[in-house]
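Peer 1:
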Amino acid sequence: MPNSIIRLENVDFSYGNKKVLENVNLNIEQGMFMGLVGPNGGGKSTLIQLVLGLLTPDKGKIHLLNQPIEHFKQWNRIGFVSQKANTFNKGFPATVFEVVAMGLTAKLGYLHFMKKKDKQRVYEAISLVGMEDEAHRNIGNLSGGQQQRIFIARALVSEPELLILDEPTVGIDYQNVDRFYELLHRLNQEENITLLLVSHDTGVLTKYATNVVCLNKTLHFHGNSEEYTALSTDYLSEIYGHPVQVVVHDHG
Amino acid sequence: MFSDIITFDFLRHTFLTGLLIGLIAPLLGSFLVVRRLSLLADALSHVTLAGIAFGLFIEKQFLIAFSPLYSGMGFSIIGAVLIEKLRSLYKAYQEIGIPIILSGGVGLSVIFIALANGFNTDLFGFLFGSVSAVTINDLYLISAISIFVILAIVLFYKELLTLSFDEEHATVSGIHSKRIHFLFIVLTALVIAASIRIVGVLLVSALMTLPVAAAMRLAQSFKQLMVLSIILAEFSVITGLISGYYANIPPGGTIVVISIIVLMLAFLWNKITLKHPKGDRVS
Chain R
1 MPNSIIRLEN VDFSYGNKKV LENVNLNIEQ GMFMGLVGPN GGGKSTLIQL
51 VLGLLTPDKG KIHLLNQPIE HFKQWNRIGF VSQKANTFNK GFPATVFEVV
101 AMGLTAKLGY LHFMKKKDKQ RVYEAISLVG MEDEAHRNIG NLSGGQQQRI
151 FIARALVSEP ELLILDEPTV GIDYQNVDRF YELLHRLNQE ENITLLLVSH
201 DTGVLTKYAT NVVCLNKTLH FHGNSEEYTA LSTDYLSEIY GHPVQVVVHD
251 HG
Chain E
1001 MFSDIITFDF LRHTFLTGLL IGLIAPLLGS FLVVRRLSLL ADALSHVTLA
1051 GIAFGLFIEK QFLIAFSPLY SGMGFSIIGA VLIEKLRSLY KAYQEIGIPI
1101 ILSGGVGLSV IFIALANGFN TDLFGFLFGS VSAVTINDLY LISAISIFVI
1151 LAIVLFYKEL LTLSFDEEHA TVSGIHSKRI HFLFIVLTAL VIAASIRIVG
1201 VLLVSALMTL PVAAAMRLAQ SFKQLMVLSI ILAEFSVITG LISGYYANIP
1251 PGGTIVVISI IVLMLAFLWN KITLKHPKGD RVS
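As you go down the protein sequences, you meet chains R and E in turn. Okay, so the first sequence: first residue is 1 according to this note's numbering, each after it adds one. Okay, so the second sequence: first residue is 1001 according to this note's numbering, each after it adds one.
1. Does the Cβ-Cβ distance between residue 229 of chain R and residue 210 of chain R come in under 8 Å?
2. Would residue 177 of chain R pass as a contact of residue 204 of chain R if the rule is Cβ separation under 8 Å?
3. With three or more beta-carbon pairs closer than 8 Å as the criterion, would you say the region 1058–1076 of chain E touches the region 1184–1203 of chain E?
4. Quick check on DSSP: helix, strand or coil for residue 136 of chain R?
5. Using beta-carbon positions only, say whether residue 1233 of chain E and residue 1250 of chain E come within less than 8 Å of one another.
6. Enumerate, from N- to C-terminal direction, the unbroken alpha helix (DSSP H) stretches of 4 or more residues contained entirely within the region 115–161 of chain R.
7. From what residue to what residue does the alpha helix (DSSP H) around residue 178 of chain R run?
8. In chain E, what lies closer than 9 Å to residue 98 of chain R by C-beta?
9. Taking the Cβ atom as the reference point for each residue, do residue 1148 of chain E and residue 1084 of chain E lie within a distance shorter than 8 Å?
10. Skipping 5 residues on each side, what residues in its chain have a beta carbon closer than 7 Å to that of residue 1195 of chain E?
11. Taking only beta carbons into account, state which residues of the region 199–231 of chain R come closer than 8 Å to chain E, listed in chain order.
12. With 16 as the cutoff for other CB atoms within 10 Å, does residue 1008 of chain E come out buried or exposed?
13. May I have a chain-ordered list of the alpha helix (DSSP H) segments no shorter than 4 residues that lie completely inside the region 1074–1153 of chain E?
14. Output yes if chain R places a C-beta closer than 8 Å to the C-beta of residue 1013 of chain E; else output no.
15. Tell me where the beta strand (DSSP E) around residue 198 of chain R begins and ends.
16. At least one CB of chain E closer than 8 Å to the CB of residue 102 of chain R: is that the case?
17. Which residues bound the beta strand (DSSP E) around residue 63 of chain R?
18. So is residue 1226 of chain E buried or exposed if we call it buried at 16+ other beta carbons inside 10 Å?
19. To which residues of the same chain is residue 968 of chain E closer than 7 Å at the C-beta, ignoring the five residues directly before and after it?
20. Within its chain, find whatever has a CB closer than 7 Å to the CB of residue 1016 of chain E; leave out the 5 residues flanking it on each side and keep chain order.
21. Residue 1021 of chain E lies in the alpha helix (DSSP H); which residues open and close that run?
22. Any beta carbon of chain E sitting closer than 8 Å to that of residue 80 of chain R?
23. Is DSSP giving residue 1185 of chain E helix, strand or coil here?
24. Which residues in the same chain have their Cβ closer than 7 Å to the Cβ of residue 1042 of chain E, if we skip the five residues on either side of it in sequence?
25. Select from the region 1201–1213 of chain E all residues with a C-beta closer than 8 Å to any C-beta belonging to chain R, and list them in chain order.
26. For residue 94 of chain R, return the contacting residues in chain E, with the cut-off set at a CB-CB distance below 7 Å.
27. Count the other C-beta atoms from every protein chain shown that fall within 10 angstroms of the C-beta of residue 1272 of chain E, then say buried if there are 16 or more, exposed otherwise.
28. Between the Cα of residue 970 of chain E and the Cα atoms of E/1036, E/1013, E/1003, E/1030, which residue gives the shortest distance?
29. Hey, does residue 1283 of chain E have any beta-carbon neighbour from chain R nearer than 8 Å?
30. As a quick exercise: from R/151, R/115, R/195, R/5, pick the residue whose alpha carbon is nearest that of residue 83 of chain R.
31. Would a check of beta-carbon distances place residue 1091 of chain E closer than 8 Å to chain R?
32. Could you tell me if residue 109 of chain R is buried or exposed, where buried requires 16 or more neighbouring beta carbons within 10 angstroms of its beta carbon?
33. Determine the direct distance from the alpha carbon of residue 1197 of chain E to that of residue 1117 of chain E, and round the result to whole angstroms.
34. Would you call the CB atoms of residue 198 of chain R and residue 48 of chain R closer than 8 Å?
35. Please tell me whether residue 125 of chain R has its Cβ less than 8 Å away from any Cβ of chain E.
Take a look at the structure:
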């Protein structure tokens, strides 16, 4: 039986009186590339914040790597690339190496310094995202797509089993989005990293994701991506509350 | 001045203190500037003034001799804690604590100065810095503060840098952001208390931000930023102390003016060598 990486059972969450999530059940198993889609305000980011322990559910249970989230301490086994990653201070004097090394801070722990093998790991993470030639450049001088790769490297350097990405392609040029998904696909297949990716762009996502869930307060669809693309536009429009056009991107 | 340094104890104390604060002020200032908290130093320096005025008042009132640096340091740390408290009370207006604490500091200073029967030369020295005011006990205290600050920055360097770059990422990855931030703000309070003898209350924040602002135009990495800003600050402190001594001007003034000249030279260097200026690049 495959290992469960994230498990949500009957999760409810409200902001004040406004219920954002209702009775959400979700199971993400090892090796999945899970795409989380849904309309804006449908609770996607809230769900991510719950999984990251930044919010606590009103009702229901969350398990990470088979441990109840209340007792979960191994945050370095989970990598996170925020929607806001690209809004960092572009004038910050830090090199690519320095930024990626920050991904090791929590894993190394207090009062531990970077050793030679840790530096080696930083370089490996940088080359994993194909940025080895830029390792000692200032991060503010890179393009948006390159910066996003650096933030993935920062999440990868602690060798997480799960990588969570919240709208990672926002701010990346259209031409680079495909390259970006190729990278994620490679991480999923070759490095065996479980992925949870939030996106409103269902087209490209379904081309690469193995599974798709559609969230609008409750989970409306949970299945593999072939089934998702086979859904009728009428059904999806109902979930989104407005007409949607599913653009199917062919593999290869 | 160098022969005088050997002859006069007080000059030696001043010079050594200058070298120490030329190291710790920009070291901490590097973090302060990249976190856009430069004004925090101003707020805390004014609270420190209140503490110093309180110390001078106590000294005069009860005729006990103790260095007002201690009460200044105490007030500075209390001010730091209060700013943090205000930051958590006004989550959407996090900078509001700075003007509150700054004006509170000035208000208290005025009251204690009046109670101590007005200005005296000691107070003047604390406002603008002094070449001759550093006693051996001050030097001991400032050395102890410097060692503590340097040790804390070396030990918590990666946490401080990670937090400065991206607070959300730091928190999510499991760093105790609040505790590290608290450590940071206490270190800032200590550095300010240590620097006041030489540069004075009104100019202490300049020593923490100007060399960093200059180094920012040249540095590619954070390590470079720290090293460069220390070099520039030491240059400003040494030349400022020497020129202040000979011209009979409080060193706070000369050090800050030299720092500004260094900053302008950095702009010039930037213009000559780099096609793409860094720093406040908009993207």
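A virtual CB, placed ideally from N, CA and C, is assigned to each residue, including glycine. Keep in mind it's a predicted model, so treat the numbers as computed, not measured.
Peer 2: Based on what the coordinates show:
1. Within the first sequence, numbered from 1, the residue matching residue 229 of chain R stands at position 229. Within the first sequence, numbered from 1, the residue matching residue 210 of chain R stands at position 210. No, they are not a contact pair.
2. Start at 1 with the first residue of the first sequence, and residue 177 of chain R comes out as number 177. Start at 1 with the first residue of the first sequence, and residue 204 of chain R comes out as number 204. Yes; because the gap between Cβ atoms is below 8 Å, this pair is in contact.
3. yes
4. Taking the first sequence and counting its residues from 1, the one referred to as residue 136 of chain R is at position 136. Of the three classes helix, strand and coil, the one that applies to residue 136 of chain R here is coil, per DSSP.
5. Within the second sequence, residue 1233 of chain E is the residue found at index 233, counting from 1. Within the second sequence, residue 1250 of chain E is the residue found at index 250, counting from 1. Not in contact: residue 1233 of chain E and residue 1250 of chain E (Cβ atoms no closer than 8 Å).
6. 116–128, 144–156
7. Residue mapping note: residue 178 of chain R aligns to position 178 of the first sequence, counting from 1. Taken as a continuous stretch (DSSP letters only), the alpha helix (DSSP H) holding residue 178 of chain R covers 174–190.
8. Against the first sequence, residue 98 of chain R aligns to sequence position 98. Going along chain E in sequence order, the residues near residue 98 of chain R (Cβ under 9 Å) are 1161, 1165, 1221, 1222, 1223.
9. Mapped onto the second sequence, residue 1148 of chain E falls at position 148. Mapped onto the second sequence, residue 1084 of chain E falls at position 84. Not closer than 8 Å, so no.
10. Taking the first residue of the second sequence as position 1, residue 1195 of chain E is located at position 195. For residue 1195 of chain E, where only same-chain residues beyond five positions count, the Cβ hits under 7 Å are 1021, 1025, 1204, 1207.
11. none
12. The residue labelled residue 1008 of chain E in the question sits at position 8 within the second sequence. By the neighbour-count rule (16 or more Cβ atoms within 10 Å), residue 1008 of chain E is not buried but exposed.
13. 1097–1115, 1121–1128
14. Counting from one through the second sequence, the residue named residue 1013 of chain E turns up at place 13. No, no contact with chain R.
15. What you label residue 198 of chain R is simply residue 198 of the first sequence in a count that begins at 1. 194–198 is the extent of the beta strand (DSSP E) around residue 198 of chain R.
16. Looking up residue 102 of chain R in the first sequence gives position 102. Yes, residue 102 of chain R lies at the interface with chain E (some Cβ there is under 8 Å from its Cβ).
17. Start at 1 with the first residue of the first sequence, and residue 63 of chain R comes out as number 63. Residue 63 of chain R -> beta strand (DSSP E) spans 59–64.
18. What you label residue 1226 of chain E is simply residue 226 of the second sequence in a count that begins at 1. With 16 or more other Cβ atoms within 10 Å, it is buried.
19. Here chain E comprises residues numbered 1001 to 1283, so residue 968 of chain E is not present and cannot be evaluated.
20. Working through the second sequence from its first residue, we reach residue 1016 of chain E at position 16. Counting only Cβ-Cβ distances below 7 Å, and skipping sequence neighbours, we find 1139.
21. Here residue 1021 of chain E is taken as the residue at index 21 of the second sequence, counted from 1. Unbroken alpha helix (DSSP H) run through residue 1021 of chain E: 1009–1034.
22. Position 80 of the first sequence holds residue 80 of chain R. Answer yes: the Cβ-Cβ gap between residue 80 of chain R and chain E drops below 8 Å somewhere.
23. One-based indexing of the second sequence puts residue 1185 of chain E at position 185. Residue 1185 of chain E: helix per DSSP, three-state reduction.
24. Here residue 1042 of chain E is taken as the residue at index 42 of the second sequence, counted from 1. Excluding the 5 residues flanking it on each side, residue 1042 of chain E has same chain C-beta neighbours closer than 7 Å at 1102, 1205, in chain order.
25. none
26. What you label residue 94 of chain R is simply residue 94 of the first sequence in a count that begins at 1. Correct list: 1165, 1221, 1222.
27. In the second sequence, residue 1272 of chain E corresponds to position 272, counting from 1. Its Cβ having fewer than 16 others within 10 Å, residue 1272 of chain E is exposed.
28. The displayed coordinates of chain E run from 1001 to 1283. Any statement about residue 970 of chain E would go beyond what the structure contains.
29. Here residue 1283 of chain E refers to the residue found at position 283 of the second sequence. The predicted model places residue 1283 of chain E with a pLDDT of 41, which falls under 50 and marks its position as unreliable, so this point remains unresolved.
30. Translated into positions along the first sequence, residue 83 of chain R becomes position 83. For residue 83 of chain R, the nearest C-alpha among the options comes from R/151.
31. Sequence index remark: in the second sequence, residue 1091 of chain E carries index 91 (1-based). Not one chain R Cβ lies under 8 Å of residue 1091 of chain E.
32. The residue you call residue 109 of chain R lines up with position 109 of the first sequence. With fewer than 16 other Cβ atoms within 10 Å, it is exposed.
33. Working through the second sequence from its first residue, we reach residue 1117 of chain E at position 117. Working through the second sequence from its first residue, we reach residue 1197 of chain E at position 197. Each residue's alpha carbon lies about 22 Å from the other.
34. Mapped onto the first sequence, residue 198 of chain R falls at position 198. Mapped onto the first sequence, residue 48 of chain R falls at position 48. Cβ atoms of residue 198 of chain R and residue 48 of chain R: closer than 8 Å.
35. In the first sequence, the residue the question calls residue 125 of chain R occupies position 125. By this cut-off, residue 125 of chain R is not an interface position.
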